[in-house]
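Numbering (my numbering), first residue to last: 547 to 925. For reference, the structure is listed below as structure tokens.
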Amino acid sequence: MFDRPDIGDIAVLVCLDFGAPDYAEGVQECIELVRSAGVTVAGTIHGKRQRPDAALYAGKGKVEEVAALVRALDANVVIFNHALSPGQERNLERVLQCRVVDRVSLILDIFAQRARSHEGKLQVELAQLSHMATRLVRGWTHLERQKGGVGLRGPGETQLETDRRLLGLRVKMLKDRLAAVARQHKTQRRSRERSGLQSVSIVGYTNAGKSTLFNKMTKAQAYAANQLFATLDTTSRKLYLSPELSIVLSDTVGFIRDLPHSLVAAFRATLEETVQADMLLHVVDSASEDRERQIEEVGKVLAEIDASAIPQLLVWNKTDLRGLPPQIERTEDGQPVAVRVSALTGDGLELLRQAIAERLLFSSNNQQNIENRDCDVTE
547 MFDRPDIGDI AVLVCLDFGA PDYAEGVQEC IELVRSAGVT VAGTIHGKRQ
597 RPDAALYAGK GKVEEVAALV RALDANVVIF NHALSPGQER NLERVLQCRV
647 VDRVSLILDI FAQRARSHEG KLQVELAQLS HMATRLVRGW THLERQKGGV
697 GLRGPGETQL ETDRRLLGLR VKMLKDRLAA VARQHKTQRR SRERSGLQSV
747 SIVGYTNAGK STLFNKMTKA QAYAANQLFA TLDTTSRKLY LSPELSIVLS
797 DTVGFIRDLP HSLVAAFRAT LEETVQADML LHVVDSASED RERQIEEVGK
847 VLAEIDASAI PQLLVWNKTD LRGLPPQIER TEDGQPVAVR VSALTGDGLE
897 LLRQAIAERL LFSSNNQQNI ENRDCDVTE
């Protein structure tokens, strides 16, 4: 049997092409994810397949090619830009004799490194444990040995069974704590509602410039960097727009393609700010050639958390890299639907403030008209 090695810091990447049109962009994104995790990319293996191999995902021949490159480069971890089943992961580790990490585990590791608040750490741990639970069955040799002990475990209970039981208890405790956090958020939102403040949440693909935009607009000091998932914790600030309107602006975690479902579930408390918002600022990296697909991926996550019906204002960020001037894009009836800005230079931010105010006041007037019409019908 094979005992799992420790995680490494010199990686060989495996990126297989199953015919997706955005394969090249996916490979580059994987490289950025690995670097964000603090791991050195020593080499990359490419290949084409019609479907994953049931046992080794990449197939026997391709795995032998990976093993040869691992030995040649003295790498100590192989990272797949794909989601692996527990069985595939174990089979690959036995063949490659080094740690194997899939895309889900890689993203979870980055989140674990970036979590700063108590809430963020709880959320990441819950996601990690939920992911780990599927990898305990028939896992590693040290989990299969039977151990007895007075006051420790029942007679004949294996380490595997004990770990599964303890993991379940820890998951329950984390869910209880996060439920308490959700109740605190709900109380805070009620307080804001009583004050008459409307809520606007910034959403978008990771590294689109959300935190930079948030800092520029609110004069906050939220961590911002040119890396994937630079910040995880939601930050909220009051923002003055006009004498008639102030809002609460919230910066939220970025999204990415194939975002692990365990992460979406664990970050429900954080994403609740998005679900309860009056409007969403959907920040897009306008300089990215992959921007249309990124918009689509953000839309998928918003649908998953039941936030797709919330009014959105598109923010085309990084327009300075494309040489485009700041501008408000409007519908035929004059409603703002998008704003071109540069969060880094500050160009267009006044136009963004104007567009936010127009959309919120328009929505408020519409809602008031609907309520008045309902009252007239009732009378």
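For each residue, glycine too, the CB sits at the ideal point set by N, CA and C.
For Q858, the closest C-alpha among the options L867, R581, L579 and R905 is that of R905. Note that the C-beta distance between S834 and D797 is not below 8 angstroms. Under the DSSP assignment, V799 falls outside any alpha helix (DSSP H); it carries neither an H nor an E label. No residue range can be given for C644, since it is assigned to no beta strand (DSSP E) and is classified by DSSP as neither H nor E. Collapsing the DSSP output to three states places H731 in a helix. If only uninterrupted beta strand (DSSP E) runs of at least 3 residues are considered, those enclosed by the stretch 577-626 are 586-594 and 623-626. Per DSSP, N863 is not a residue of any alpha helix (DSSP H); the beta strand (DSSP E) it occupies stretches across Q858 to N863. Sequence-distant partners of D836 (beyond 5 residues in either direction) whose C-beta falls short of 7 angstroms from its own C-beta, in its chain, are D568 and E571. By the Cβ neighbour-count rule, E875 is exposed, with fewer than 16 other Cβ atoms within 10 Å of its own.
In its chain, beyond the 5 residues on either side, V749, G750, Y751, F801 and H828 have a beta carbon closer than 7 angstroms to the beta carbon of V844.
In the same chain as A766, and ignoring 5 residues on each side of it, the C-beta atoms closer than 7 angstroms to its own belong to F760, T781 and R783, in chain order. Put simply, the stretch 599-607 touches the stretch 637-656. At least three CB pairs are less than 8 angstroms apart. Taking a 10 Å sphere around the C-beta of V616, we find 16 or more other C-beta atoms and assign the residue as buried. Rounded to whole angstroms, the gap between the alpha carbons of E818 and S854 is 13 angstroms.
For S747, the closest alpha carbon among the candidates I856, Q669 and G892 is that of I856. The C-beta distance from L642 to V612 rounds to 6 angstroms, short enough to meet the 8 angstroms contact threshold. In this structure, E850 is the residue among T590, E850, A903 and D620 with its C-alpha nearest to the C-alpha of V810. Counting of Cβ neighbours within 10 angstroms places Q596 among the exposed residues, the total staying below 16. With 16 or more neighbouring CB atoms inside 10 Å of its own CB, P872 falls in the buried class.
Your pair L724 and M678 does not check out as a contact, with CB atoms roughly 17 angstroms apart and the cut at 8 angstroms.
Straight across, the Cα-Cα distance linking K608 with F564 is about 14 angstroms.
With 16 or more other Cβ atoms inside 10 Å of its own Cβ, L898 counts as buried. Taken through DSSP and simplified to helix, strand or coil, S757 comes out as helix. In the assembly as shown, D555 is an exposed residue. Its beta-carbon has fewer than 16 other beta-carbons within 10 Å.
Counting along the chain, S676 sits inside no beta strand (DSSP E); it lies in the alpha helix (DSSP H) bounded by residues H664 to A679. Closest in C-alpha terms to D879, from the list F908, L743 and E578, comes F908. Shortest Cα-Cα distance from C644 to any of S663, L619 and T680 involves L619. In summary, M719 is exposed, with fewer than 16 beta-carbon neighbours lying within 10 Å of its beta-carbon over all protein chains present.
In the DSSP secondary-structure assignment, V717 is not bridged to any residue. In this model, L715 and A661 are separated by some 22 angstroms (Cα to Cα). In the DSSP secondary-structure assignment, A884 is bridged to L860 and E875. With fewer than 16 other CB atoms across the displayed protein chains lying within 10 angstroms of its CB, G869 is exposed. Of the other Cβ atoms in all chains shown, fewer than 16 fall within 10 Å of the Cβ of V883; this residue is therefore exposed.
Take the alpha-carbon of D709 and the one of L672: they are about 15 angstroms apart.
Going by C-alpha positions, L848 is about 26 angstroms away from I577.
Here A889 has G755, T758, L759, K762 and N863 as same chain residues with Cβ atoms under 6 angstroms from its own Cβ, once five neighbours each way along the sequence are excluded.
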